[in-house]
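What follows is a set of notes on a single structure, which appears directly below.
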Amino acid sequence: MTSFAASEPQRYLEAQIRWRPLEIVFWLATLLPFVLTPNYLLLASQIAITALFALSLDLILGYAGIVSLGHAAYFGFGSYTAGLIAKWGWGEPLTGLVIAAAAAGMLGYLTSFIIARFRHLALIMITLGLGLLLAEAANSASWLTGGADGLQGVRMWKLLGMFQFDLYGTTAYSYSLLALFLLFLVARRVIHSPFGLALRGIRENAVRMPAIGAPSPAHIRKVYTIAAVMAGVAGALLAQTTETVSLETLSFQRSADVLVILILGGAGRLYGGIVGAIIYMVARDQLSGVNPQYWYFWIGTLLVAVVIFLPNGILGGLARLMPSVRSRA
Amino acid sequence: MSTAALSTRGLDKSFGSLVVAKNIELDLPRGARYALIGPNGAGKTTLINLITGMLKPDKGRIFLETDEVTALKPEERVRRGLARTFQINTLFPHLSALEAVTLAVCERRGYAGTWWQKLPAYADAVEEAYAILLSLRLGASCYRPTRELAYGQQRLLEIALALATNPKVLLLDEPAAGVPQGESAELFSVIADLSQDIAVLFIEHDMNVVFRFARRIIVMVGGRILVEGTPGEIAADARVREVYLGGAHHG
Chain H
43 MTSFAASEPQ RYLEAQIRWR PLEIVFWLAT LLPFVLTPNY LLLASQIAIT
93 ALFALSLDLI LGYAGIVSLG HAAYFGFGSY TAGLIAKWGW GEPLTGLVIA
143 AAAAGMLGYL TSFIIARFRH LALIMITLGL GLLLAEAANS ASWLTGGADG
193 LQGVRMWKLL GMFQFDLYGT TAYSYSLLAL FLLFLVARRV IHSPFGLALR
243 GIRENAVRMP AIGAPSPAHI RKVYTIAAVM AGVAGALLAQ TTETVSLETL
293 SFQRSADVLV ILILGGAGRL YGGIVGAIIY MVARDQLSGV NPQYWYFWIG
343 TLLVAVVIFL PNGILGGLAR LMPSVRSRA
Chain X
9 MSTAALSTRG LDKSFGSLVV AKNIELDLPR GARYALIGPN GAGKTTLINL
59 ITGMLKPDKG RIFLETDEVT ALKPEERVRR GLARTFQINT LFPHLSALEA
109 VTLAVCERRG YAGTWWQKLP AYADAVEEAY AILLSLRLGA SCYRPTRELA
159 YGQQRLLEIA LALATNPKVL LLDEPAAGVP QGESAELFSV IADLSQDIAV
209 LFIEHDMNVV FRFARRIIVM VGGRILVEGT PGEIAADARV REVYLGGAHH
259 G
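Keeping their order, the protein sequence lines are chains H and X.
So the mapping is simple: the numbering used here equals the position in the first sequence, first residue as 1, plus 42.
So the mapping is simple: the numbering used here equals the position in the second sequence, first residue as 1, plus 8.
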């Protein structure tokens, strides 16, 4: 073997992270709503935003094994940051998005010092507590956030100075989808990096990690910050595309929903959150038209059924049927 | 006095009224092949936990060569060259053997914090991991998930993970636990063949293996070191026979 050719172990690792044809088909299919369901682009935009939020949770839950019941804190923080910047007169979407991402990342970095010290039940309670804390703070600071009425007066400028956020959601969906795709590429790179391998190590056996010299708390702080940035972007996208921010963006409900979405789709598979978001949001849109009061009855049924029969989520179930979808994680 | 690779001075540890380590004084020279034996509950695994930092001693100091490491976290001690294996497999079930060992190599080489580069780009780490697996005869199975490996292979992977940290001191907690008797000699020949730069201390219950592979033996009873000596001295020691060997074996 020449020194130029990749060795067998390297080829094996390369094969693990190669783009699958199905992935390319999937991303092309995300363009279909423009053609097939042009009246549903606002819904499609919300789905892309929720998918991004679920993807950020997947990084910490699916890869590093950190269970969070308060992930909406970063979503809502990004949402309010983006909304307030626009309200205070700077309606340029892209800079607003970056500032909101940085703000959420900062909050994530600060809280990560607490997160990295705990596991299991304590961690669930701490994330839950932090989430409730922030939601209540936003509720009290109604002079800033608008409280229960929501943040009014958010006016966005044209995207790139050209594309108005219109009623049909063409700009909204294009913008959200592009953000989702770019951050998906980032997430994909993260999990295929040496750092991603270390995260899987933490998930697989937290006890062994220190015994191979791994500083698990530092890894956890880092991935938590990355996930907070992504959640903040998702929140900012929602604020910018709907031109309003409500307390719901910080609510426990949102934290719980995104967890349900990820578990339904399949945690630790990169596409689990996206597939989960599509199924959840489309089903909610359709079912709530029939009888809205029963919506959580059906979601509850689906959740119980999936956890019992498909413990690795819908994607995990598919992967068992079709080896081509099999995830490398 | 020549510096030992690992020394402990006056290590004490008790859980309530139960004394699990009392005044442990240990010197492990470079390239040592020491066995740590003693009846169940003698405190052998506890001693490994104390040395590696997984337990905090009540009193006493631990040195790697001349550096005191008593206050360091477990992962910091590993980075200074102190590695261990576990009596019960403590592996990464869904990672392949290659991924697991590559992870340990990446941690040592300082790559594991990098999130913007692909793993296969670190050819040096991958090659080193593969070489370690080959040296432990795991080359053919290294692409399979750990949980699918045969039990004996998983025991070898325990050692491979420790070797990937490039240790100066290696503490093996019953490396052959659960391995059939015929295979345990094979496993220990792997250990005997490890680099002479590595000081090895292993816990083992099978006296045939201990007397065959250890150059010195430390006997622990009730949290104390009863006696330390060559296999010949230990076999002839009346106290050891009384408390541990029951007077009948290896006489």
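Glycine is no exception: its CB is placed at the ideal position from the N, C-alpha and C atoms.
Quick caveat: nothing in here was measured; it's all calculated off a predicted structure.
(request) Flag H/S98 as yes if its beta-carbon sits less than 7 angstroms from any beta-carbon of chain X, otherwise no. (result) no
(message) Between X/G24, X/L144, X/L63 and X/V28, which has its C-alpha nearest X/G49's C-alpha?
(response) X/V28
(request) Drop a sphere of 10 angstroms on the beta-carbon of X/T16, count the other beta-carbons inside from all chains shown, and report buried for 16 or more, exposed for fewer. (result) buried
(request) Find out if the Cβ-Cβ distance for the pair X/A40, X/A243 is shorter than 7 angstroms. (result) no
(message) Give me the residue from H/V324, H/Y151 and H/S87 with the minimum Cα distance to H/A214.
(response) H/S87
(request) Indicate the three-state DSSP secondary structure (helix, strand or coil) for X/F94 in the structure shown. (result) coil
(request) Could you tell me if X/E107 is buried or exposed, where buried requires 16 or more neighbouring beta carbons within 10 angstroms of its beta carbon? (result) buried
(request) Using the DSSP secondary-structure output, state which residues sit across from X/I211 in a beta bridge. (result) X/L44 and X/D181
(message) Between X/Q125 and chain H, is the shortest Cβ-Cβ distance under 7 angstroms, so that the two count as touching?
(response) yes
(request) Examine chain X for any beta-carbon lying closer than 7 angstroms to the beta-carbon of H/V302, and answer yes or no. (result) no
(message) In the DSSP output, which residue or residues are listed as bridge partners for X/G237?
(response) X/I225
(request) Using the Cα positions of X/L178 and X/R88, report the straight-line distance between them to the nearest angstrom. (result) 12 angstroms
(request) Kindly indicate which three-state DSSP category X/P82 falls into: helix, strand or coil? (result) helix
(message) Considering only heavy atoms of the ligand PLP, does any lie closer than 6 angstroms to the CB of X/E83?
(response) As presented, the structure is devoid of all ligands, the ligand PLP included, so that no description of it is given.
(request) Determine, using beta carbons only, whether X/T110 and H/F237 come nearer to each other than 7 angstroms. (result) no
(request) Give the residues of chain X in contact with H/N247, contact being defined as C-beta atoms less than 8 angstroms apart. (result) T98, L99, F100 and P101
(request) Would you kindly check if the distance between the Cβ of H/A114 and the Cβ of H/S288 is under 7 angstroms? (result) no
(request) Go ahead and label H/P353 buried or exposed: buried means 16 or more other beta carbons lie within 10 angstroms of its beta carbon, across all protein chains shown. (result) exposed
(message) Measuring alpha carbon to alpha carbon, tell me which residue in X/K52, X/A105, X/K81 and X/L34 is nearest X/E73.
(response) X/L34
(request) Could you work out which residues of chain X lie near H/L59, taking near to mean beta carbons separated by less than 9 angstroms? (result) Sequence inspection shows Ile at residue 59 of chain H; the Leu mentioned does not correspond to that position. Residues of chain X passing the Cβ test: K126, L127 and P128.
(request) Flag this pair as yes or no: are the beta carbons of H/S330 and H/W340 separated by less than 7 angstroms? (result) no
(request) Mind checking which residues open and close the alpha helix (DSSP H) that includes X/V27? (result) Where X/V27 is concerned, there is no enclosing alpha helix (DSSP H), although the beta strand (DSSP E) it sits in stretches over L26 to L36.
(message) When you compare the CB positions of X/L169 and X/A112, do they come within less than 7 angstroms of one another, or not?
(response) yes
(message) When you compare the CB positions of X/Q269 and H/S235, do they come within less than 7 angstroms of one another, or not?
(response) Because chain X is modelled from 9 through 259, residue 269 of chain X falls outside the range shown and cannot be assessed.
(request) Could you tell me whether any Cβ in chain X is nearer than 7 angstroms to the Cβ of H/F155? (result) no
(request) With 7 angstroms as the threshold, decide whether the Cβ of X/E83 is near any Cβ in chain H. (result) yes
(message) With distance defined between alpha-carbon atoms, name the residue in H/L170, H/T79, H/L94 and H/R53 nearest to H/V228.
(response) H/L94
(request) Could you name the residues of the same chain whose beta carbon sits closer than 6 angstroms to that of H/I316, not counting the 5 residues immediately before and after it, in chain order? (result) A93
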